[in-house]
Amino acid sequence: MQGEVPSTRRLGTRGIFYADFDLGQILELAERLRGCSCAFNWAIFLEFDDGVEWVFRATCSDRSVDKVVTSRLVSSEAATLKYVRQHTGIPVPEVFHYSPTYENDIGIPYILMSKAASHSLAEYSW
Numbered sequence: 001m002q003g004e005v006p007s008t009r010r011l012g013t014r015g016i017f018y019a020d021f022d023l024g025q026i027l028e029l030a031e032r033l034r035g036c037s038c039a040f041n042w043a044i045f046l047e048f049d050d051g052v053e054w055v056f057r058a059t060c061s062d063r064s065v066d067k068v069v070t071s072r073l074v075s076s077e078a079a080t081l082k083y084v085r086q087h088t089g090i091p092v093p094e095v096f097h098y099s100p101t102y103e104n105d106i107g108i109p110y111i112l113m114s115k116a117a118s119h120s121l122a123e124y125s126w
């Protein structure tokens with residue numbers, strides 16, 4: 001019900017809690033505020049107890065791209081990130097794991113990677 005504080009749930013026995021919320025409403029709000037539809041990808045930022053952050057990134061499954069193309073895109077992106085990281089000095093996220101298919105424990109193609117290091121533009125003296 002609108003205006004109520006979302007309930008939190010415990011995930012298994014691990015002491016991880018998450019809140020129930022309406023993802024569809026978040027996307028609709030963002031699209032309305034931006035005046036255009038959301039991108040091809042979405043991300044969940046995972047913060048560990050030691051402060052390290054990883055990113056779970058997946059394609060939007062409701063877009064009009066078929067499963068074969070989605071699989072190839074995820075595979076290509078993961079391979080490109082790995083190649084650039086290994087063969088250049090360009091700072092890109094480290095790919096820890098990826099699955100280009102829907103046949104995995106999560107149920108969608110995804111990349112699990114480090115959060116890219118960044119600096120606010122305000123930190124630079126222009």
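Just so we're aligned: 76 in full-length UniProt numbering is position 76 of the sequence shown, and the numbers increase by one with no gaps anywhere. The beta-carbon is built from N, C-alpha and C at its ideal position, and this holds for glycine as well. Remember, predicted model here, so these are calculated numbers, not experimental data.
7 Å Cβ cutoff met for phenylalanine 56 and leucine 112 = Numbered from its first residue, the sequence shown carries residue 56 at position 56. Numbered from its first residue, the sequence shown carries residue 112 at position 112. A contact, by the Cβ cut-off of 7 Å.
Just verifying my parser: in three-state terms, what is the DSSP assignment at histidine 97? The sequence position of residue 97 within the sequence shown is 97, counting from 1. Three-state DSSP puts histidine 97 in a strand.
Check your understanding: Are the Cβ atoms of valine 95 and leucine 73 separated by less than 7 Å?
Key -> To locate residue 95, count along the sequence shown from 1; it is residue 95. To locate residue 73, count along the sequence shown from 1; it is residue 73. No; because the gap between Cβ atoms is not below 7 Å, this pair is not in contact.
Quiz prompt | For lysine 115, the nearest candidate out of Gly35, Asp105, Arg32, Gly51 (CA to CA) | solution = Taking the first residue of the sequence shown as position 1, residue 115 is located at position 115. Ranked by Cα distance from lysine 115, the first of Gly35, Asp105, Arg32, Gly51 is Gly51.
I need the DSSP call for alanine 43, collapsed to helix, strand or coil.
Working through the sequence shown from its first residue, we reach residue 43 at position 43. It is a strand residue.
Looking at C-alpha atoms only, which residue of Glu53, Glu77, Leu23, Arg85 is the closest neighbour of tyrosine 110? On the sequence shown, position 110 is the one that residue 110 refers to. When the alpha-carbon of tyrosine 110 is set against those of Glu53, Glu77, Leu23, Arg85, the nearest one is in Glu77.
Looking only at its chain, what residues have a beta carbon closer than 7 Å to the beta carbon of arginine 85, apart from the 5 residues adjacent to it on each side? Position 85 of the sequence shown, counted from the first residue, corresponds to residue 85. Non-local beta-carbon contacts of arginine 85 in its own chain, meaning distances under 7 Å to residues more than five positions away in sequence, involve Val92, Glu94 in chain order.
**Item:** Inter-residue spacing [alpha-carbon to alpha-carbon] between tryptophan 54 and isoleucine 26
**Value:** Taking the sequence shown and counting its residues from 1, one reaches residue 54 at position 54. Taking the sequence shown and counting its residues from 1, one reaches residue 26 at position 26. Taking the straight line joining both Cα atoms gives about 22 Å.
*asked:* Between serine 71 and proline 100, how many whole angstroms is the CB-CB distance? I'm expecting something under 8 Å.
replied: For the purposes of this step, residue 71 is taken as residue 71 along the sequence shown, with counting starting at 1. For the purposes of this step, residue 100 is taken as residue 100 along the sequence shown, with counting starting at 1. Sure, about 4 Å apart at Cβ, within 8 Å.
Fill in: For threonine 88, the residue or residues it bridges with in DSSP
Here residue 88 is taken as the residue at index 88 of the sequence shown, counted from 1. Beta-bridge pairing by DSSP links threonine 88 to no other residue.
Count the other C-beta atoms from every protein chain shown that fall within 10 angstroms of the C-beta of threonine 88, then say buried if there are 16 or more, exposed otherwise. To locate residue 88, count along the sequence shown from 1; it is residue 88. Threonine 88 should be labelled exposed.
I'd like the list of long-range same chain contacts for aspartate 49, defined as Cβ closer than 7 Å, with 5 residues on each side in sequence excluded.
Mapped onto the sequence shown, residue 49 falls at position 49. Around aspartate 49: no qualifying Cβ.
Determine whether the Cβ of asparagine 104 lies closer than 7 Å to any Cβ atom of chain C.
The structure shown has no chain C; it contains just one protein chain.
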